[in-house]
Amino acid sequence: MWNSFILEPAINALIFIYDLLGQNFGLAIIVFTALVRLITLPLTYQQMRSSMVMADIQKSDRYKKMQEKYKNDRQKMSEEQMKLFREVGYNPFSGCLGLLIQFPIIIGLYQAIIRSLAATPAQLFDLSKFIYDAIPDNLIPLNSTFLYMNLGQPERLELDFLPFAIPVLTILVVISTYLQTKLTTPAAGDQQSNQMSQMMSLYMPLLLGYFAYTLASGLALYFVTSNLLGIVQGLVMRRVREANAGPEGALPAKAKKKGKQSEQISAGTKKR
Amino acid sequence: MKATRLTTSVRYFALYLLFGLILASCGQGPIQASSWPGVTHADNTLYIAYNQFVRAIDLENEREIWRFPAEADRNLTFYAPPAVSSDGLVIVGGYDQKVYALSTSNNRPETVWVFENAADRIIGGPAISGEIVLVPSADHKLYALDLNNGQPVWAQPFESKHALWSAPLIDGTMVYLSSLDHTVYALDLESGRLEWENDLGSAISDTPSLSNGLLLCGTFGGTLYALDKETGRELWRFESGAAIWGNPVVADGMVYVANVDRDAFALDLENGAVIWRQSLVSSASTSPITTDEVVYFASEEGAVEAFRKADGDPAWPSGASILGRLLADPILVKDELLVPVMENNECIIFGVNADTGSIRCLVQLDEG
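As given, the protein sequences belong to chains A and B, one line each in that order. If you want this note's numbering, it's the position in the first sequence, counting the first as 1, plus 850. If you want this note's numbering, it's the position in the second sequence, counting the first as 1, plus 222.
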C-alpha cells in the first residue's frame, strides 16, 4: 500500500523530472521538492496559519486575563478558551491535522530520493522493481553528480588553499532549519509552548545538520530546498497577516469579517 | 487547550523520532547491512564479505578459520566477493574505498598492503591473473595493482563513464568489463589499453559470461546480448521483458538466465532462441547454477528451484524455501548449493541439497 500509493509514484515522478531536466538529479530534487511543497501548500498554509493565530491569541490581553481569572478553574478556562476560538474562527485541530498529514509525505519524499539514488546493488535491484514501464531503462542508474557533489555521498567542498574540507550543505541546512523553525513556531504565550519552541529551534537544526553531514548530500539538498521554500512561505504569510492586521496586530480572518476582532480579543474580558 | 497539547505532542513526537534515528545511528551494535553478501569459494574454504567482517569458513568442518577485522568497525563494511591468489593472499575491497591484501598463513589474517587511491567504494569483486589484481571501483575506475605490493601497474587506471559494480572477467590477455554506463569494454590486461567497447543501451550490473567465443551480457533493459569477444560486435540478442541482473550461465550449448519479472529461460547458445521458459517464485538477481542434469535458480523471496536442463520440468517435487532475501549468487560445492542470504537474523549461508532440495544452515550470521 505504502509502496504503491506513495513511494512508487514519488520515485517515478522524481525520475521523470530528472529526465525532463536534462538528467540532472540535483535540479530534479529541487524541482520535485518545490512541487511537493506546492501540493502540500494547503496543509502547510493551514499549519503555519494555525500556529500564527494561536500565538496571536495567546499574546492577546483577553487570553492573558482569562488565564489569570480562571487559573484555579481548568474546566471554566477550557470552556472560555473554546468560546474564544469560536469567536475568532480558529479551529484548534487544523494545525496538527496538517502536520500529521505531512509526515507520510515528507517520509515518502525522503525515501524516494534515497531509493532513486540507489547507492548499493541491493538498492538498485529494489529500484528496478519500482520503475514504471513508461520510464526509459537507459535512465538507470541516475547520474548523481550535481555541481561539485556526488549526491549519493556526504558533501564536502575541498579548496586548494584550505587544509580541510567545508561541509557547505550542512552549514546551509543548519542555518535554514534554524530560520524556518524560528519563523514557523512563533513565540507563544504559555510557558510549555515557549519551551517547546526553544527546543525545536535549537535541536532541529543540529539534528538535521547531523543528518546532512553524515548521509547522502541529495538528502541535504532536499533539506535546504524545503527549508528555503518554507522560509519564503512563512515570510509571505507573516507579511500578509501584518498588512491585513493594521496597527492593532495580526488577526484571524473570520473575526475580521465580523469586524473589530482585535477589540474582541483584547477587550473581550472587559465586556463580560 | 487539548488542541494545543496535541500539536505540542506531535512536535515532541517528531523530535523524539529524530533523536531515535540519531541514537540508532550512533549505537554500538551491528549496523544494518546495506547490500548482499559477497561470497567466494577456493580450496575448500568459503570467504564471505558481509557487513562488518570478511570471514573464512573451513568447509571441511564448517567452522570459522578467521575474520577480518578482529573487532567490528562502524566505518568499515564489506560486500565485494574477495579474490584469492594461488598462494592464499586474500584481496578484499571495502566500502571505506580501500583494498586490503590479507596474508592468511597460520589462519590469522595479516594486512600485507592497503590500496587507498580509490575515490569511492569497492562494490564489485577483484579479479587476479598472475601478478596482477584488477579492482573495480564505484569511482568509475578499474585499478590494476601489483599483487605483491599493491602498487599501480597501468600508467593510468581505466575510467568508464559510470560506477563499476561488477568484477572484471579475465580471459588470457584480455579483460572484459561491464559498467553501469551501459557499456562493455575489452581491455588489454598488461597495459589497460581499450581494445573495443559496445554501448548496450542500458546498465549492466554483473560480470559478462564467456563461452565459445561469445560474450554474454544481461542488461537493466531486459536484453541479453551475445557479442563476439574479439570485436564486440553483436551476434544475437534476446529480449527477456524485464531487467536481467545475474549473468547468464552456459552449459551444453544452452544459455540459462533469469530476470526480475520472475522468468527463467533456457536459450540456444547459437542464436538465442528460447528452448524453454519457466516462472520463478519471485524476482531473480542471481546467476543460475548447473549440474549435469539440472539448472538451479535462487530468487529474491527465499526460493531455490530446480529444473531439468533438457525440458525445464521441475526436478524437485517442490522448491526449497529459505527465510530471507536471496540476492547473491549461489555456489555449488560437491552436491550442495551454498546459498548466501540477506535479512536473516541467524544464518548467512544455507546449504541446499542439490538432489532433494532439503535445507540447513551452514554458516551462522554471528556479527561479533
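Every residue gets a Cβ at the ideal spot worked out from N, C-alpha and C, and that includes glycine. The structure displayed is predicted, hence computed values, not measured ones.
Excluding the 5 residues flanking it on each side, B:THR395 has same chain C-beta neighbours closer than 6 Å at LEU411, in chain order. Around B:HIS404, the beta-carbon contacts reaching into chain A at under 7 Å are ASN988. Within chain A, the residues whose beta carbon sits less than 8 Å from that of B:ILE345 are THR970, PRO971, listed in sequence order. In the three-state reduction of the DSSP assignment, A:TYR1063 falls in the helix class. It is roughly 13 Å from the alpha-carbon of B:ALA278 to the alpha-carbon of B:ASN328. In the pairwise beta carbon analysis, the region 946 to 966 of chain A is classified as touching the region 864 to 871 of chain A: at least three pairs are separated by under 8 Å. Interface annotation, A:PRO1004: not in contact with chain B, CB-CB separation never under 8 Å. For the region 368 to 400 of chain B, residues whose beta-carbon sits nearer than 8 Å to a beta-carbon of chain A comprise HIS384, ALA385, TRP387. According to the DSSP assignment, B:MET564 belongs to no alpha helix (DSSP H), since it is labelled neither H nor E. In the DSSP assignment, B:LYS363 falls within the unbroken beta strand (DSSP E) covering 363 to 368.
A residue is called buried once 16 or more other Cβ atoms fall within 10 Å of its Cβ, and B:THR578, having fewer, is exposed.
Straight through space, the alpha carbons of B:ASP265 and A:ALA962 are spaced by roughly 44 Å.
For B:SER543, the beta-bridge partners assigned by DSSP are B:ALA525. Annotation for A:ILE856: GLY958 place their beta carbon closer than 6 Å to its own, counting only its chain and skipping 5 residues before and after.
Per the Cβ contact rule, the region 1011 to 1020 of chain A is not in contact with the region 881 to 893 of chain A (fewer than 3 Cβ pairs under 8 Å). Of all residues in the region 424 to 452 of chain B, those with a C-beta nearer than 8 Å to a C-beta of chain A are SER424, ALA425, SER427, THR441, PHE442, GLY443, GLY444, reading in chain order. A:PHE882 is outside the set of residues whose beta carbon lies under 8 Å from a beta carbon in chain B. Contact between the region 1066 to 1083 of chain A and the region 1024 to 1034 of chain A is established, with three or more Cβ pairs separated by less than 8 Å. Per DSSP, B:ILE497 is one residue of the beta strand (DSSP E) stretching across 496 to 501.
Close partners of A:LYS1032 in chain B (Cβ separation under 8 Å) are lacking, with about 14 Å as the shortest Cβ gap.
Secondary structure at A:GLU918: helix, using DSSP grouped into helix, strand and coil. 8 Å or more divides the Cβ of B:ASP485 from the Cβ of B:GLY468. Residues of the same chain with a CB within less than 7 Å of the CB of B:SER543, apart from the 5 flanking positions on each side, are GLY524, ALA525 in chain order.
In the DSSP annotation of this structure, B:MET476 is not part of any alpha helix (DSSP H); the continuous beta strand (DSSP E) holding it starts and ends at 476 to 480. In this structure, DSSP gives A:MET851 a state outside helix and strand, which the three-state scheme calls coil. In the same chain as A:ASN993, and ignoring 5 residues on each side of it, the C-beta atoms closer than 8 Å to its own belong to GLN873, ASN874, PHE875, in chain order. Identification of chain B residues near A:PHE996 by a Cβ-Cβ cut-off of 8 Å yields none; the smallest Cβ-Cβ distance measures about 15 Å.
In its chain, beyond the 5 residues on either side, ALA968, LEU974 have a beta carbon closer than 7 Å to the beta carbon of A:PRO991. Straight-line spacing of the CA atoms in A:PHE935 and A:VAL1024 works out to 35 Å. Nearest CB-CB separation between A:SER978 and chain B: below the 8 Å threshold.
Not flagged as an interface residue toward chain A: B:SER359, since no C-beta distance is shorter than 8 Å. With a beta-carbon spacing of about 6 Å, B:ALA448 and B:LEU438 fall inside the 8 Å limit used to define contacts. Straight through space, the alpha carbons of A:GLN931 and A:LYS919 are spaced by roughly 12 Å. With a cutoff of 8 Å on beta-carbon distance, B:VAL574 and B:GLY546 are scored as not near each other. Residue environment for A:GLN897: buried (at least 16 other C-beta atoms within 10 angstroms of its C-beta). Interface criterion not met: the Cβ of B:TRP498 is under 8 Å from no Cβ in chain A.
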